[in-house]
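*Asks:* Quick note, in the numbering used here, the sequence shown goes up one by one and the last residue is 295.
Below you will find the structure I want to go over with you.
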Amino acid sequence: MFSCARCGENATDGTTCCLCKHQFDFACAGITEIGFRKLGDRKNTWRCSECKSVSSTVAPSHQQVSQQLSEMRSTLDSIMRQLAPLATSVEDVKTIKQDISDLKVSVEYAQKTADESLAKFGSLEFTLQFTHLNVVVSQFA
Ligand SMILES: [Zn+2]
Ligand SMILES: [Zn+2]
């Protein structure tokens, strides 16, 4: 016995979404009991209509975000390598360290949301901070 995640009615049997783990009665799941039985092993990968629509629209942009983030990360890595020698000789190294940690935060933030528009915002922020970092570094060059 469980209560359906959509209509709240008690049901004795139904489906469980593999993503959100919500349980639905067959009527709300949009599948007949017979149809569900026929799914066999695919029962374990059944998704509710909400999760289906989310994953189908997010999937391509999610890939773009990952791509963008790995580019950001490799740029960040090269900045870190370039700054490593400076770290011991520059007095104002705190400023640089702060910039790098800010940069990390924005990369992590963009990754968490995995949203295309936010990723664009993240990369804009990244560009701004990268420019600022260049200015800081050039002061000691
Ligand atoms: Zn229901
Ligand atoms: Zn779901």
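Even glycine gets a Cβ: it sits at the ideal position worked out from N, Cα and C.
#1: In or out: T199 buried (at least 16 other Cβ within 10 Å) or exposed?
#2: Specify, as a first and last residue, the run of the alpha helix (DSSP H) that G189 falls within.
#3: Since R201 contacts C171 with CB under 8 Å, what's their CB separation in whole angstroms?
#4: Of the residues Q222, K175, K197, which one's Cα is nearest the Cα of I185?
#5: Let's see if you can read the secondary structure: which residues bound the alpha helix (DSSP H) around A183?
#6: Rounded to whole angstroms, what's the CA-CA distance from V259 to V208? Just pull it up for me.
#7: Return the CA-CA distance between H176 and Q218, expressed in angstroms with no decimal places.
#8: Using a strict less-than 5 Å threshold between each residue's beta carbon and the heavy atoms of ligand 3, what residues do you get?
#9: Please state whether DSSP places T170 in a helix, a strand or coil.
#10: In angstroms, rounded to a whole number, what distance separates the CA positions of S157 and D167?
#11: Please tell me whether, using a cut-off of 7 Å, the distance from the CB of D179 to the nearest non-hydrogen atom of ligand 1 is below it.
#12: Would you mind sorting C182 into buried or exposed? The rule is 16 or more other CB atoms within 10 Å of its CB.
*Replies:* Let's see:
#1: The residue given as residue 199 occupies position 45 in the sequence shown. When all chains shown are included, T199 counts as exposed.
#2: Indexing the sequence shown from 1 puts residue 189 at position 35. G189 -> alpha helix (DSSP H) spans 187-192.
#3: The residue given as residue 201 occupies position 47 in the sequence shown. The residue given as residue 171 occupies position 17 in the sequence shown. Right, their Cβ atoms sit about 5 Å apart.
#4: By 1-based counting over the sequence shown, the position of residue 185 is 31. The shortest C-alpha separation from I185 is found at K197.
#5: Within the sequence shown, residue 183 is the residue found at index 29, counting from 1. Element bounds for A183: 180-183.
#6: Against the sequence shown, residue 259 aligns to sequence position 105. Against the sequence shown, residue 208 aligns to sequence position 54. Rounded to whole angstroms, V259 to V208 spans 26 Å at the Cα level.
#7: Numbered from 1 along the sequence shown, position 22 holds the residue referred to as residue 176. Numbered from 1 along the sequence shown, position 64 holds the residue referred to as residue 218. Their backbone Cα atoms lie some 29 Å apart in a straight line.
#8: This structure lacks ligand 3; the ligands present are ligand 1 and ligand 2.
#9: Your numbering for residue 170 matches position 16 in the sequence shown. Three-state DSSP puts T170 in a strand.
#10: As a position in the sequence shown, residue 157 is number 3, starting the count at 1. As a position in the sequence shown, residue 167 is number 13, starting the count at 1. Cα to Cα, the separation comes out at about 10 Å.
#11: Sequence index remark: in the sequence shown, residue 179 carries index 25 (1-based). Between ligand 1 and D179, a heavy atom-to-CB distance of less than 7 Å is present.
#12: By 1-based counting over the sequence shown, the position of residue 182 is 28. Under the 10 Å beta carbon count, C182 is surrounded by 16 or more other beta carbons and is classified as buried.
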